[in-house]
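J.: Residue numbers (this note's numbering): 3 to 363.
Once you've had a glance at the structure underneath, I'll fire off some questions.
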Amino acid sequence: MKILAIETSCDETAIAIFEAEGDQNTARFRVLGNALLSQVEKHREFGGVVPMLAKREHQKNLPHILDEALAEANVPLQDIDAIAVTAGPGLEPALWVGINFARALALVWDKPLVAVNHMEGHLLASLLEKTGEQFSISNVQFPILALLISGGHTELVLMKEWLRYELIGQTRDDAVGEAFDKVARMLSLPYPGGPEISRLAESARSVAAPEGRGFTLPRPMIDSGTCDFSFAGLKTAVLYLLKKNPDLSEKEKQHIAHEFENAVTEVLWKKTAQALKETGARTLVIGGGVSANTHIRRVFQEKMSSEFPDSSLQIPASSLTTDNAIMIALAGFYRALRKEFVSQPFDRLRASGNLSLAQKL
Ligand code: KG4
Ligand code: ZN
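So, in structure tokens, the structure goes:
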């Protein structure tokens, strides 16, 4: 089955074309075309994503991205078997651009249309294994616990069988990526802040005794006994620290980034470990943009092998951690296998900014 997938939920305009074979337990994929345009530079001067600017850029770029993906794939549109599009969660003005584009393509070319939950894309992308040019998902051990960490989400989700989700824990306020971005902004670092904080924190770690050691930050809700998170207090603690210590040196900024990243990672691990114990999950996956973080990846790898040697950890390839259309094609394929198509004339399909994984599209 050849799927053309469209992703416009935030500030990446992306279209992927891929070919999938097999069923949900033996799926194999080949990426035929993958075009992505990041709008990061456009939003940087505003310190974050501006929804209406994202919408305008998606509108401007989608036709070119489509041409690029089709040319790379060398597949005419009539040979595509289904069109998949992100319906949520995300920024609604941005989502609508992708949805309208997908609807038009599906109507004109008379193709089935699949609505995709962006977080399902992140989750399934973490299960992909790459061998040469071929991707596959096989030998999956259920139950799967997913820690989904992105700019808009922080949640622990249990998947006991394919595509059925139970929410185990979630943030009560800010998402972890949002906290990275806001703290970066306080430290006058450019958007997106996650990679910038990571860079500073890794510099601090490479020094035996970093100058400015002594900044300490809270680990919010670490002993709450629940699998829920809270990151707003951590962000406010950084704000107070900066008010008390204006004119920080570069080394001191590195130390704050280091302490912040340690605090986030400790909380994420503690809650994930609790959820692993409570659910008896055999597989842990980490998905979403923040799963690109070097320190989080390292700590989770170490802790999983020392504390949960009988469960496996699956982390997406770095190129698939942040938003892309390959993960949307992947989730689209799993939904298409179940014939979950949007009925014609597709006007039931709407952008759903707060769509949750447990919710049916
Ligand atoms: O999944 P994603 O690309 O978009 C959303 O669906 O939100 O995630 C973007 C988030 C941003 O908050 C960004 O700062 C964060 O992922 N991020 C990182 C890293 N790379 C991206 N956070 C921490 N460390 C990183 N290396
Ligand atoms: Zn995302």
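Beta carbons: idealized from backbone N, C-alpha and C, even for Gly.
#1: Report buried or exposed for Asp312, applying the criterion of at least 16 other Cβ atoms within 10 angstroms of its Cβ.
#2: How long is the line joining the alpha carbons of Gly235 and Pro222, rounded to whole angstroms?
#3: Hey, Ser320 and Thr285: beta-carbon distance below 8 Å or not?
#4: Go ahead and pull the three-state DSSP assignment for Lys4.
#5: Is it right to say Asn295 is buried, meaning 16 or more other beta carbons lie within 10 angstroms of its own, or is it exposed?
#6: Quick one: grab the DSSP three-state call for Lys57.
#7: Of all the options Gly100, Ser190 and Gly291, which has the alpha carbon lying nearest to the alpha carbon of Leu64?
#8: Rounded to the nearest angstrom, what separates Leu109 and Asp81 at their Cα positions?
#9: Let's test the definition: count the other Cβ atoms within 10 Å of the Cβ of Tyr193 and tell me whether it reaches 16, buried, or not, exposed.
#10: Taking the alpha-carbon of Gly282 as reference, which of Leu147, Glu131 and Val269 has the nearest alpha-carbon?
#11: Within a Cβ cutoff of 7 Å, which residues of the same chain sit near Pro53, ignoring the five residues on either side of it in sequence?
#12: Going by C-alpha distance, which of Leu250, Ala84 and His155 is nearest Cys12?
#13: Check whether the Cβ atoms of Thr88 and Val42 lie closer than 8 Å to each other.
#14: Taking 8 Å as the threshold, find out whether the region 321-329 comes into contact with the region 170-188 through three or more Cβ pairs.
#15: Using the three-state DSSP reduction, which class does Ser205 fall into: helix, strand or coil?
#16: Thinking C-alpha only, which one of Trp111, Thr228 and Asn102 is nearest Ile170?
#17: Do three or more CB pairs link the region 20-40 to the region 327-340 at distances below 8 Å?
#18: Could you pull out every unbroken alpha helix (DSSP H) segment of at least 4 residues lying fully inside the region 50-116, listed in chain order?
#19: Can you find a heavy atom of the ligand KG4 that lies under 7 Å from the Cβ of Glu261?
#20: Among residues of its own chain, excluding the 5 on either side of Gly35, which ones have a beta-carbon nearer than 6 Å to its beta-carbon?
#21: Relative to the C-alpha of Ser208, which candidate in Gln303, Leu270 and Gln256 has its C-alpha closest?
#22: Which one of Leu160, Val178, Leu126 and Ile85 has the shortest CA to CA distance from Trp111?
#23: Is the beta carbon of Val159 closer than 8 Å to that of Glu168?
#24: Buried or exposed for Pro1, please, with buried defined as at least 16 other CB atoms from any protein chain shown within 10 angstroms of its CB.
#25: Please state whether DSSP places Gly123 in a helix, a strand or coil.
#26: Taking just the CA atoms, how far does Glu9 sit from Gly290?
#27: With a cut-off of 8 Å on the beta carbons, I'd call Leu189 and Ile258 a contact; round off their distance for me.
#28: Is it buried or exposed, Gln303, if we count other Cβ atoms within 10 angstroms and call 16 or more buried?
#29: Would Leu149 pass as a contact of Leu39 if the rule is Cβ separation under 8 Å?
#30: Decide if Phe144 is buried, meaning its Cβ has at least 16 other Cβ atoms within 10 Å, or exposed.
#31: Name, in chain order, the residues that DSSP records as bridge partners for Ala18.
#32: Taking C-alpha atoms, which residue in Gly50, Asn102 and Thr28 lies nearest to Leu351?
#33: Roughly how many whole angstroms lie between the Cα atoms of Gly196 and Ala203?
#34: By the 10 Å Cβ neighbour count, where 16 or more other Cβ atoms means buried, how is Leu115 classified, buried or exposed?
#35: What do you reckon, are the CB atoms on Thr173 and Phe262 nearer than 8 Å?
#36: Any heavy atom of the ligand KG4 inside 7 Å of the beta-carbon of Phe182?
T.: In short:
#1: exposed
#2: Roughly 7 Å between the two C-alpha positions.
#3: no
#4: strand
#5: buried
#6: helix
#7: Gly100
#8: 15 Å
#9: Buried, since its Cβ has 16 or more Cβ neighbours within 10 Å.
#10: The residue with the shortest Cα to Cα distance from Gly282 is Leu147.
#11: Leu93, Pro95 and Ala96
#12: His155
#13: no
#14: no
#15: helix
#16: Thr228
#17: yes
#18: 53-75 and 94-111
#19: Checking the Cβ of Glu261 against the ligand KG4 gives no.
#20: Ile19, Ala71, Glu74 and Ala75
#21: Gln256
#22: Residue Ile85 is the option with its Cα nearest to Trp111.
#23: If you check the CB distance, Glu168 and Val159 come in under 8 Å.
#24: There is simply no residue 1 to check, as the chain begins at 3 and stops at 363 in what is shown.
#25: It is helical.
#26: 14 Å
#27: 7 Å
#28: exposed
#29: no
#30: exposed
#31: Ala7 and Asn36
#32: Out of Gly50, Asn102 and Thr28, Asn102 has the C-alpha closest to the C-alpha of Leu351.
#33: Rounded to whole angstroms, Gly196 to Ala203 spans 11 Å at the Cα level.
#34: Buried, because 16 or more other Cβ atoms sit within 10 Å of the Cβ of Leu115.
#35: Not closer than 8 Å, so no.
#36: yes
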